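Whatever position you read off the sequence shown (first residue = 1), add 550 for the working numbering.
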Amino acid sequence: MNNDLHARAEQLIARERVEGISEAERDWLTQHLRECGGCTQAAQQTSEAIRALRAINISLPRGLAERTRFRLQMRAQEMREQEPRRGLLWTICGVSWALGIASAPYVWQGVEWIGQRTGAPRLLLQFGFGLWWAIPALFAAAIVVLENLRQANERDGSGGARR
Ligand SMILES: [Zn+2]
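Put into structure tokens, the structure is as follows:
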């Protein structure tokens with residue numbers, strides 16, 4: 551049999567599943583499948599593949615729900631483990647702030663000394679001094695922002711998976 555006929559049959563088998571084919575095309579395909587074992591097999595394989603895909607679609611949410619619950623349990627455990635670590639971060643932050651305050655007079659002397667040596671404008675020196683003070687605050691703010699972002703991501707992630 552002509553190869554073009556098999557190619558046309560193959561195309562019709564695929565199109566029948568996706569966009570549908572005309573009455574005449576279906577008649578032609580039925581006729582061809584009656585005569586051609588190879589294309590009949592191809593048509594059966596297509597049907598089986600589609601059935602398998604549908605079966606996967608049905609079982610997927612079940613597996614997904616299981617995975618999501620597992621992930622949430624992992625996350626809850628992670629949070630419990632992270633609690634002390636986050637406390638440590640805040641402690642470090644507080645200590646560095648206290649040190650910043652305690653060392654401020656010395657830092658200011660140092661900044662003035664640099665100013666005398668380099669002739670840098672006083673405004674720049676004050677800005678540098680302020681920055682020294684701001685670093686722990688920036689550090690703390692960064693932790694809070696990152697934590698909030700992560701929690702927001704977590705919410706989006708679990709919300710999407712639950713669908
Ligand atoms: Zn054929």
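Beta carbons: idealized from backbone N, C-alpha and C, even for Gly. Please read these numbers as outputs of a predicted model, since none were measured by experiment.
(request) Could you check which residue in Arg567, Leu681, Leu649 has the C-alpha nearest to that of Leu603? (result) In the sequence shown, residue 603 corresponds to position 53, counting from 1. If you compare the alpha carbons of Arg567, Leu681, Leu649 with that of Leu603, the shortest gap goes to Arg567.
(message) At the level of alpha carbons, what is the spacing between Gly570 and Gln561?
(response) As a first step, residue 570 is located in the sequence shown; it is residue number 20 there, counting from the start. As a first step, residue 561 is located in the sequence shown; it is residue number 11 there, counting from the start. Cα to Cα, the separation comes out at about 11 Å.
(request) Hey, could you find the ends of the alpha helix (DSSP H) Asn553 is sitting in? (result) Position 3 of the sequence shown holds residue 553. It spans 553-568 - the alpha helix (DSSP H) in which Asn553 sits, taken as one unbroken run.
(message) Measuring alpha carbon to alpha carbon, tell me which residue in Arg558, Thr596, Ser597 is nearest Trp578.
(response) Working through the sequence shown from its first residue, we reach residue 578 at position 28. By alpha-carbon distance to Trp578, the top candidate from Arg558, Thr596, Ser597 is Arg558.
(request) Put Ile571 into one of helix, strand or coil per three-state DSSP. (result) Position 21 of the sequence shown, counted from the first residue, corresponds to residue 571. Ile571 falls in the coil class under three-state DSSP.
(request) State yes or no: is the C-beta of Gly570 nearer than 7 Å to some heavy atom of ligand 1? (result) Residue mapping note: residue 570 aligns to position 20 of the sequence shown, counting from 1. Every heavy atom of ligand 1 is 7 Å or more from the Cβ of Gly570, so no.
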